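Peer 1:
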Amino acid sequence: MKPDFLKYFLTACLIFFSFAAFAQMPYSPCGPSGGKRADVLGVDVKYSSPGSSAPAFTIPSGTKSISIYISSETGITSGGSDYAQGDEDFITVNAIIDLASNTSSGYVNYAKNTNTDGSGTNVYGWQRTPLGAFIPAAAKIGDATPDLNNVNFTISGNTLTIIQSFSGIHSSFYVQYLSPYNNSLNLLAPQVKALLHGAASANTDLSMPIPADADIIFISGKGTNSSYEDLNTTSGTEEGYSNLRFTIDLEKGTTNGFITLANGGSANRRSTYVVNNLSTAYSGDLVSSGVAVGNYTGKSTNAGAVGLYKPRIYVSGGNLVIKRDASYARDFDDAYVVEFYKRTGQGMSAEFVNSDIKTIPKGFSSQSGVTRTFTIPPGTNALYFTETGNAVNTDRESNENSLEAYAYIDLAAEKATGYFYQQVGLSLTERRDDNYAFKDVPLNNSSTRAHSNTAGFKGPYNYDISFSLSADKSQLTVTTKTGLANPDYQLLLSADYYGSKPDIAFGTPAVSFTKVDGSKIVKANVAVCNPGSGNSNGGMPVSFYQGDPAASATARLLYTGTFPQEIRAGECKNFVFDLDLSSFDNLNMNITIIINDDGSYAPGGMGHTVSAPFTLDQLANQHSTYQECYYGNNLVTQNTAVNNAPIVDPDPDKSSGATGSYNYRNVFNAGSTGAKIVDADLTIIDPDASNLFAATVTLTNTPDAGNEGLYLNGTLPAGISISGNNTNVVKLSGQASQSDYIAALKMLEYRNSNRSPNTAGRIITATVNDGTESGPASTTTIAILTSPRINVMGNAIDIADNSTTVSVTDGTSFGMAAAGVIAHTFSIHNTGTGVLSLTASPAVSVTGDGFSITKQPEQSSMIGGGSSDLVISFDPGTRQGGVYTAIVHILNNDPDAGRSDYTFTVSAAINNAPTVTDNSAAGYEDQPLALTAAVFASAYHDADGAA
-5 MKPDFLKYFL
5 TACLIFFSFA
15 AFAQMPYSPC
25 GPSGGKRADV
35 LGVDVKYSSP
45 GSSAPAFTIP
55 SGTKSISIYI
65 SSETGITSGG
75 SDYAQGDEDF
85 ITVNAIIDLA
95 SNTSSGYVNY
105 AKNTNTDGSG
115 TNVYGWQRTP
125 LGAFIPAAAK
135 IGDATPDLNN
145 VNFTISGNTL
155 TIIQSFSGIH
165 SSFYVQYLSP
175 YNNSLNLLAP
185 QVKALLHGAA
195 SANTDLSMPI
205 PADADIIFIS
215 GKGTNSSYED
225 LNTTSGTEEG
235 YSNLRFTIDL
245 EKGTTNGFIT
255 LANGGSANRR
265 STYVVNNLST
275 AYSGDLVSSG
285 VAVGNYTGKS
295 TNAGAVGLYK
305 PRIYVSGGNL
315 VIKRDASYAR
325 DFDDAYVVEF
335 YKRTGQGMSA
345 EFVNSDIKTI
355 PKGFSSQSGV
365 TRTFTIPPGT
375 NALYFTETGN
385 AVNTDRESNE
395 NSLEAYAYID
405 LAAEKATGYF
415 YQQVGLSLTE
425 RRDDNYAFKD
435 VPLNNSSTRA
445 HSNTAGFKGP
455 YNYDISFSLS
465 ADKSQLTVTT
475 KTGLANPDYQ
485 LLLSADYYGS
495 KPDIAFGTPA
505 VSFTKVDGSK
515 IVKANVAVCN
525 PGSGNSNGGM
535 PVSFYQGDPA
545 ASATARLLYT
555 GTFPQEIRAG
565 ECKNFVFDLD
575 LSSFDNLNMN
585 ITIIINDDGS
595 YAPGGMGHTV
605 SAPFTLDQLA
615 NQHSTYQECY
625 YGNNLVTQNT
635 AVNNAPIVDP
645 DPDKSSGATG
655 SYNYRNVFNA
665 GSTGAKIVDA
675 DLTIIDPDAS
685 NLFAATVTLT
695 NTPDAGNEGL
705 YLNGTLPAGI
715 SISGNNTNVV
725 KLSGQASQSD
735 YIAALKMLEY
745 RNSNRSPNTA
755 GRIITATVND
765 GTESGPASTT
775 TIAILTSPRI
785 NVMGNAIDIA
795 DNSTTVSVTD
805 GTSFGMAAAG
815 VIAHTFSIHN
825 TGTGVLSLTA
835 SPAVSVTGDG
845 FSITKQPEQS
855 SMIGGGSSDL
865 VISFDPGTRQ
875 GGVYTAIVHI
885 LNNDPDAGRS
895 DYTFTVSAAI
905 NNAPTVTDNS
915 AAGYEDQPLA
925 LTAAVFASAY
935 HDADGAA
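Our numbering applies: residue -5 is where the sequence shown begins, and numbers increase by one.
1) Count the other CB atoms within 10 Å of the CB of residue 233; is the residue buried (16 or more) or exposed (fewer)?
2) Determine the extent of the beta strand (DSSP E) in which residue 31 is found, giving its start and end residues.
3) Measuring alpha carbon to alpha carbon, tell me which of 54, 681, 619 and 560 ends up nearest residue 581.
4) Assuming residue 287 and residue 213 are in contact, meaning their beta carbons sit under 8 Å apart, how far apart are those beta carbons, in whole angstroms?
5) With a CB to CB cut of under 6 Å and the five nearest residues on each side skipped, what residues in its chain are close to residue 620?
6) Looking only at its own chain, which residues have a Cβ that is under 6 Å from the Cβ of residue 486, when we skip the five neighbours before and after it?
7) In the DSSP assignment, find the unbroken alpha helix (DSSP H) run with residue 197 in it and report its ends.
8) What is the residue span of the beta strand (DSSP E) that residue 458 lies within?
9) Are the Cβ atoms of residue 370 and residue 303 separated by less than 7 Å?
10) At the 7 Å Cβ level, is residue 613 part of the contact set with chain D, yes or no?
11) What do you reckon, are the CB atoms on residue 324 and residue 305 nearer than 7 Å?
12) Cα separation between residue 614 and residue 312?
13) Determine whether the beta carbon atoms of residue 732 and residue 686 lie at a separation below 7 Å.
14) Between the Cα of residue 380 and those of 99, 24, 269 and 482, spot the shortest distance and give me the residue it belongs to.
15) Where does residue 570 sit, in a helix, a strand or coil, going by DSSP?
16) Identify every run of the beta strand (DSSP E) within the segment 758 to 807, keeping only runs that are complete inside it and at least 3 residues long; order them along the chain.
17) Using 10 angstroms around the beta-carbon of residue 639, count the other beta-carbons present and answer buried if the total reaches 16, otherwise exposed.
18) Of all the options 356, 327 and 404, which has the alpha carbon lying nearest to the alpha carbon of residue 425?
19) Relative to the C-alpha of residue 244, which candidate in 821, 787 and 36 has its C-alpha closest?
20) Given a threshold of 16 other Cβ atoms within 10 Å of its Cβ, counted over all protein chains shown, does residue 57 qualify as buried or as exposed?
21) Compute the beta-carbon to beta-carbon distance between residue 60 and residue 168, rounded to the nearest angstrom, for a pair I have assumed lies under 8 Å.
22) Can you check DSSP and say which residues form a bridge with residue 286?
23) Leaving out five residues before and five after residue 347 in sequence, what residues of the same chain have Cβ atoms less than 8 Å from its Cβ?
24) Is DSSP giving residue 467 helix, strand or coil here?
25) Once DSSP output is grouped into helix, strand and coil, what is the label at residue 214?
26) Would you say residue 944 and residue 105 are within 7 Å of each other, going by their C-beta atoms?
27) Buried or exposed for residue 223, going by 16 or more other Cβ atoms inside 10 Å?
28) Using 8 Å as the cut-off, can you tell me whether the segment 687 to 703 makes contact with the segment 759 to 767, which would need three or more C-beta pairs spanning the two stretches below that distance?
29) Ends of the alpha helix (DSSP H) at residue 612?
30) Can you give the Cα-Cα distance for residue 470 and residue 481, rounded to whole angstroms?
31) Just the Cα atoms here: how many angstroms apart are residue 297 and residue 432?
32) With C-beta atoms as the reference, is residue 416 less than 7 Å away from residue 428?
33) What does the alpha-carbon distance come out to for the pair residue 891 and residue 776?
34) If you drop the 5 nearest sequence neighbours on each side, which residues of the same chain put their C-beta closer than 8 Å to that of residue 714?
35) Any idea what DSSP makes of residue 495, helix, strand or coil?
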């Protein structure tokens, strides 16, 4: 028999226990010794002038996510009633691309002017929007009307193209390529610094020591114009700002970044440029470096009207140095956040996990603060928070004052480091802005502005931002106080989560197989570990295949289950899956186990092949719940290498009508000599053993105990002996070939000496042993058939079947016509085996003019040898001629054979001999039950004696 592979069903039950020392922790490219943030493979910066083509960026191999920052500047160049040239727009785009899902999340802040109706500003965000098109209106969260600027991130091959719908602006693009696979970053002690306006070295020069093990530095800086000298002129400023962002890779010796300054509407007061792959040792100003590209020529240096910021940013003697040029330093207060990171030398689990967006529309700001709460995805260990906003005053066309905040939030340390920047504008000589950086502020709603580790300019209006972390670290609440700007600001808050993803991998040894003796249950003992840096929740799927689905489309899904326990970072656990391989003759096969696979690549489900080979990286697309940082260690293939327990197949071709595997059916007729327990084509299946050592055959039910058992009919092959002959358990023993044991089993029979046995089916099981174990049992079902026989006697004389001759001796002749009723008594006998049941009411009836039954049988059920009497009477007075007919029904209900009533007809006609016709059910003659039909009539004579 060959199993039907397309229909077989495999079940598995799961037992599990955890252990700490039984498996060796495997290597992971993102292990717990890795960092908290993905490594920066590279930084690319580009400048785009108004009307130029969209910039394109080459994505390095191994990139997992891309962080993008766009800073732009433009101005209103014509004057107006409120000095539109004093406009200093806040135009920025911040986004992150997840290459695994091919989506982007981010925000746009476009504040060109308010147009007295607020129509000159946008601030909106989006989450997980597909690449390749502008952000659709339905995906925008916040103020997106009218659509002043939009962004399209398109990736083709390894090329990223960034398109802005509004091309009439000068833009600097800053792109970081992030990868968690081969390396990772740990944050060292960050620094927050400030340089306030002035001409002394304390106002221009900043130097800070670089930690000895730092490999990469991120610099974020904001500046605000403190000067009122150019206030309210036709080309002057109300609240100029600067924006700075740099990455210094100490290992590569390169500096990349941009600077944007907006200090008025006229072109000579606005600039933006990028610096690409500048040597970290270069100590000149950035514009003169030879690698600066952008809009930076012909800019003003006048007091209050400076149009260019050209600092020196370099590394010298283990220090990071920032030196501001004199014109800029004279007017601007700057605040900096400097983050030092160390490359761990190992990949990590902490990669970009998700983004979230919250908005605060105009009219919802308040001096006491407005809160927004973020739900933190499980496993997150670091959160990069950004807030952006602009004023939407409707009484001043150019009054679109900017707000921005940034914070690195360490969830383990429960501290925040960043900056907060808000402009409301000068009122004559009075400043109404804040620009400060803060460090290690507790996440308990503490004021960042009032914290002791705060540096920068803080005006009198108490603008502030604070953070509060829930006790279970599942929620972060951000409170923004916009103070004087209430309620004319619209804000957007964004959080990028970097999580500690697990890396579930096979331990060492990965898997071992054992088998439950006497069955086809194979235990897969699977050792799994989490060498990643994040915890894995219980319920992660695991699938088993016959063959390798990553290499072959013929791989067949055997089972899909789950790991019911969580596997924490640095922990190993063992899980035991009980696999039912009953559909296979040979249990020695290659089984591939894949962690975090839900089996969906086999469209037909269990027992079906995969539609096509799939890569392990594709597992990330099956579901979002159990994400890992690395899938390359999720597969193992191993042969089961278990003993195949021998099994008896008593009827391989199913000729007996048995269904299912390893079953046989036969019939025992009561009174016969015996019934075979196996078919003639019996086989024994054992792919890895040619000899057998024992067999056990068991009659499992014996309702006729003492009369039935198993019996050897023949002489056993040499080397095989028997015990228990003629009992309900027969054992064969001795080392012999499979063919000899086949011959021996064919000699065993079921017997029962009871002539009226219990008709319940008998169940016989058979197992064989190969010297290692006994296999699963085969099953033979013996149907018990009995043969009841009806015999009718008159005057103790048998009446022949279908007799057409009447006799006075046996009472079948009713004699000459006479007055009164003629009654004769007959007996119904069961001369066969088994039970004859006469279950109708009446059990025997007669139909015909002149005939009647005056006595019913005394018994409705007769075992073999039982009898009942009946009296059939004939009253000639009821008829005056013609044919006298009686139809006699002996009503039998034999549930085993399903037989119908047995009937015959008796006819009597004047001057003719009586006849009997057998009207039994069709096919009756083929049944073991025989009917002896009595002739209950005789020739009838008229009263005058004429025949």
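Note that beta-carbon positions come from the ideal geometry of N, C-alpha and C, so glycine has one too. These figures come from a predicted structure and were not determined experimentally.
Peer 2: According to the data block:
1) Here residue 233 is taken as the residue at index 239 of the sequence shown, counted from 1. The residue is buried, with at least 16 neighbouring Cβ atoms inside 10 Å.
2) Counting from 1 along the sequence shown, the entry for residue 31 is found at position 37. Looking at the DSSP string, the run of the beta strand (DSSP E) that includes residue 31 is 31 to 42.
3) Against the sequence shown, residue 581 aligns to sequence position 587. The shortest Cα separation from residue 581 among 54, 681, 619 and 560 belongs to 681.
4) Numbered from its first residue, the sequence shown carries residue 287 at position 293. Numbered from its first residue, the sequence shown carries residue 213 at position 219. Rounded, the Cβ-Cβ distance is 19 Å, inconsistent with contact.
5) Against the sequence shown, residue 620 aligns to sequence position 626. Excluding sequence neighbours, residue 620 sits near 534 and 590.
6) As a working mapping, residue 486 is identified with position 492 in the sequence shown. If the five residues before and after residue 486 are omitted, its C-beta is found closer than 6 Å to the C-beta atoms of 101, 117, 119, 136, 353 and 382, all from its own chain and listed in chain order.
7) Within the sequence shown, numbered from 1, the residue matching residue 197 stands at position 203. For residue 197, the uninterrupted alpha helix (DSSP H) segment begins and ends at 195 to 198.
8) The sequence position of residue 458 within the sequence shown is 464, counting from 1. Going by DSSP, residue 458 is part of the beta strand (DSSP E) stretching over 458 to 463.
9) Position 376 of the sequence shown, counting from 1, holds the residue named residue 370. Position 309 of the sequence shown, counting from 1, holds the residue named residue 303. No, they are not a contact pair.
10) Absence of chain D from the displayed structure is noted, only one protein chain being present.
11) As a first step, residue 324 must be located in the sequence shown, where it is residue number 330. As a first step, residue 305 must be located in the sequence shown, where it is residue number 311. No, the pair does not count as a contact, with Cβ atoms beyond the cut-off.
12) Counting from one through the sequence shown, the residue named residue 614 turns up at place 620. Counting from one through the sequence shown, the residue named residue 312 turns up at place 318. Each residue's Cα considered, the two are about 42 Å apart.
13) Residue mapping note: residue 732 aligns to position 738 of the sequence shown, counting from 1. Residue mapping note: residue 686 aligns to position 692 of the sequence shown, counting from 1. Yes, the Cβ-Cβ distance between residue 732 and residue 686 is below 7 Å.
14) Locating residue 380 in the sequence shown gives position 386, counting from the first residue. Nearest Cα to residue 380 within the set 99, 24, 269 and 482: 99.
15) Translated into the one-based positions of the sequence shown, residue 570 becomes position 576. In the structure shown, residue 570 adopts extended strand secondary structure according to DSSP, grouped into three states.
16) Taken in chain order, the whole beta strand (DSSP E) runs of length 3 or more contained in the segment 758 to 807 are 772 to 779 and 784 to 788.
17) As a working note, residue 639 is residue 645 in the sequence shown. Looking at its Cβ environment, which holds 16 or more other Cβ atoms inside 10 Å, residue 639 is buried.
18) Position 431 of the sequence shown, counted from the first residue, corresponds to residue 425. In terms of Cα proximity to residue 425, the closest of 356, 327 and 404 is 327.
19) Mapped onto the sequence shown, residue 244 falls at position 250. The shortest Cα separation from residue 244 among 821, 787 and 36 belongs to 36.
20) Residue mapping note: residue 57 aligns to position 63 of the sequence shown, counting from 1. Residue 57 comes out buried.
21) The residue you call residue 60 lines up with position 66 of the sequence shown. The residue you call residue 168 lines up with position 174 of the sequence shown. Taking C-beta atoms under 8 Å as the contact rule, residue 60 and residue 168 fail to qualify, at a distance of about 11 Å.
22) In the sequence shown, the residue the question calls residue 286 occupies position 292. BP columns for residue 286 point to 269.
23) Numbered from 1 along the sequence shown, position 353 holds the residue referred to as residue 347. Same-chain partners within the cutoff: 371, 373, 374, 491, 492, 493, 495 and 621.
24) Mapped onto the sequence shown, residue 467 falls at position 473. If DSSP states are grouped into helix, strand and coil, residue 467 belongs with coil.
25) Taking the first residue of the sequence shown as position 1, residue 214 is located at position 220. The answer is strand: DSSP assigns residue 214 an E or B state.
26) Lying outside -5 to 941, the shown extent of the chain, residue 944 is not represented and no answer is given.
27) The sequence position of residue 223 within the sequence shown is 229, counting from 1. Around the beta carbon of residue 223, fewer than 16 other beta carbons sit within 10 angstroms, so the residue counts as exposed.
28) With the cut-off at 8 Å, the segment 687 to 703 and the segment 759 to 767 touch.
29) One-based indexing of the sequence shown puts residue 612 at position 618. Counting along the chain, residue 612 falls outside any alpha helix (DSSP H), and DSSP gives it neither H nor E.
30) As a first step, residue 470 is located in the sequence shown; it is residue number 476 there, counting from the start. As a first step, residue 481 is located in the sequence shown; it is residue number 487 there, counting from the start. Residue 470 and residue 481: Cα-Cα distance of roughly 24 Å.
31) As a first step, residue 297 must be located in the sequence shown, where it is residue number 303. As a first step, residue 432 must be located in the sequence shown, where it is residue number 438. If you take the alpha carbons of residue 297 and residue 432, they lie about 29 Å apart.
32) Here residue 416 is taken as the residue at index 422 of the sequence shown, counted from 1. Here residue 428 is taken as the residue at index 434 of the sequence shown, counted from 1. Closer than 7 Å, so yes.
33) Translated into positions along the sequence shown, residue 891 becomes position 897. Translated into positions along the sequence shown, residue 776 becomes position 782. A caution first: residue 891 carries a pLDDT of 39, below 50, which makes its placement in the model unreliable, though a value can still be read off. Here the alpha carbon of residue 891 sits roughly 15 Å from the alpha carbon of residue 776.
34) Within the sequence shown, the letter at position 720 stands for residue 714. 726, 727, 728, 730, 734, 735 and 738, listed in sequence order.
35) Against the sequence shown, residue 495 aligns to sequence position 501. Residue 495 falls in the coil class under three-state DSSP.
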